[in-house]
Amino acid sequence: MKKKLKKPVVQLTSLLDLLFVMIFVLLLQSKATPTKADATPKPSPAPAPVAKVEKTKPKPRPTPEPAKPTKISIGAIFHFYATAKSPNVPTGIYSMQGTYNTKSGDLKLGGTNWIKRPQHYDMVPLSGSIDEKTGTFTGRIEFQDCKEFNLYKTQSDSGSPVAGKWEGTYTCGQGETGLTLTLR
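Sequence positions in the sequence shown follow my numbering and run 65 to 248.
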């Protein structure tokens, strides 16, 4: 049987150490030594005058107005009563709630609760259009045997653009009936 000969192995760390020393020596040799002329300090040029710069504050941007809602909630009091054409109509009063579309002028109201209820009378829903320029509110009463209504603004109140007292008439099965609608 033959013995295998082992080759001498040079340790890696020794090679790395040698490489490091060689690089260090090369760096030392390449570094130039200062001459006498370089050893004397050179006069530095006078510093440039410092100019004062004023910072201008940017003008604040105007805050945009929040968009007005297209639909606003409206409360109302519906007060009906007799007219010369229908003297036997009783007086009744009830609350209403609805929405007003500020762009189209459409107003829809529905009855919520009675304040003064005559016998055999029910609340009726209103659906119509308000013309803010002329102060008119016209439309239909959405109930059996009812037709149209015509109201005119007689008093303005603060709150919504249509707040105030509206007076006129509506026609249902009992005939022409007086109506005062107070919008809040």
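Even for Gly, the Cβ is constructed at its ideal location relative to N, Cα and C.
Alpha carbon of residue i to alpha carbon of residue j, nearest angstrom
i      : j      : result
Glu212 : Asn152 : 20 Å
Ala148 : Leu243 : 13 Å
Val89  : Leu83  : 10 Å
Gly192 : Leu173 : 9 Å
Thr246 : Asp221 : 9 Å
Arg204 : Pro122 : 56 Å
Phe142 : Gly232 : 12 Å
Glu129 : Ile136 : 17 Å
Phe207 : Pro189 : 7 Å
Tyr185 : Arg125 : 58 Å
Gln219 : Asp209 : 30 Å
Ala140 : Gly162 : 8 Å
Thr120 : Thr127 : 20 Å
Ser94  : Ser78  : 25 Å
Residue i classed as buried or exposed, judged by whether at least 16 other C-beta atoms fall within 10 angstroms
i      : result
Ala131 : exposed
Tyr164 : buried
Ile138 : buried
Met160 : buried
Leu80  : exposed
Gly10  : This structure cannot settle anything about residue 10, because the visible part of the chain is limited to 65 through 248.
Range covered by the beta strand (DSSP E) that runs through residue i
i      : result
Gln219 : Glu212 to Ser220
Thr134 : First-last for Thr134: undefined, no H or E at that position.
Gly242 : Gly239 to Leu247
Cβ-based neighbour list, residue i, same chain, cut-off 8 Å, excluding 5 preceding and 5 following
i      : result
Thr200 : Ile194, Asn214, Leu215, Tyr216 and Lys217
Glu196 : Gly169, Pro225 and Val226
Ser150 : Gln238, Gly239, Glu240 and Thr241
Thr134 : Asn165, Thr166 and Lys167
Pro182 : Pro154, Thr155 and Gly156
Other residues of its chain near residue i: CB distance less than 6 Å, five sequence neighbours each side excluded
i      : result
Phe144 : Gly156, Thr241 and Leu243
Ala146 : Val153
Trp230 : Phe201, Leu215, Lys217 and Leu245
Thr235 : Lys211
Pro113 : none
Cβ shell of residue i (< 7 Å), same chain only, five flanking positions each side left out
i      : result
Met187 : Tyr158 and Gly175
Leu92  : none
Trp178 : Tyr158
Gly228 : Lys217, Gln219, Ser220, Asp221 and Leu247
(request) At 3 residues or longer, and completely inside the segment 142-227: list those beta strand (DSSP E) runs for me, N to C. (result) Within the segment 142-227, complete beta strand (DSSP E) segments of at least 3 residues are found at 156-165, 170-180, 190-195, 200-205 and 212-220, given in chain order.
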